[in-house]
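Comments concern the structure below.
Residue numbers (this note's numbering): 63 to 166.
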């Protein structure tokens, strides 16, 4: 068994460290992509319909188990009177009870 252990290039602890580093990089990449999309939506939305109100944070769990926290804008939809997160709609994030924006 010791011979097998010696032949391994990376011991298990190193693998765990590599996965943690990968997870941090993945989370950062997803965060940046969502915030870039949010900025693009701000610049390209129907300005007569959607009025930017504020930016809020949201944390989501990815399918690989990595939590990603990002900032996104919410808007007043002047046609319906509802507040919406356009980036969430663009990428298919469900709005739960805790995620419903309030005008306050």
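Here a beta-carbon is modelled for each residue, glycine too, at the ideal position from N, C-alpha and C. In this text the structure is predicted, and so the values were computed from the model without any measurement.
When the options are compared against residue i, the one with the closest alpha-carbon
{"i": "residue 135", "options": "115, 124, 141 and 66", "result": "115"}
{"i": "residue 93", "options": "105, 130, 66 and 78", "result": "130"}
{"i": "residue 95", "options": "149, 84 and 137", "result": "149"}
{"i": "residue 101", "options": "145, 133, 85 and 82", "result": "133"}
{"i": "residue 185", "options": "122, 142 and 123", "result": "Given a span of 63 to 166 for the chain in the structure shown, any question on residue 185 remains unanswerable."}
{"i": "residue 107", "options": "66, 78, 140 and 155", "result": "140"}
{"i": "residue 121", "options": "105, 145 and 156", "result": "156"}
Bridge partner(s) assigned by DSSP for residue i
{"i": "residue 122", "result": "130"}
Distance CB(residue i)-CB(residue j) smaller than 9 Å
{"i": "residue 125", "j": "residue 89", "result": "no"}
{"i": "residue 109", "j": "residue 147", "result": "no"}
{"i": "residue 80", "j": "residue 153", "result": "no"}
Residue environment, residue i, which counts as buried when at least 16 other CB atoms sit within 10 Å
{"i": "residue 160", "result": "With a pLDDT of only 48 at residue 160, under the threshold of 50, the placement of this residue in the model should not be trusted, and no figure is reported."}
{"i": "residue 137", "result": "buried"}
{"i": "residue 84", "result": "exposed"}
{"i": "residue 103", "result": "buried"}
{"i": "residue 66", "result": "exposed"}
Proximity test, Cβ basis, 9 Å: residue i and chain D
{"i": "residue 116", "result": "Looking for chain D here will not work: only one protein chain is present."}
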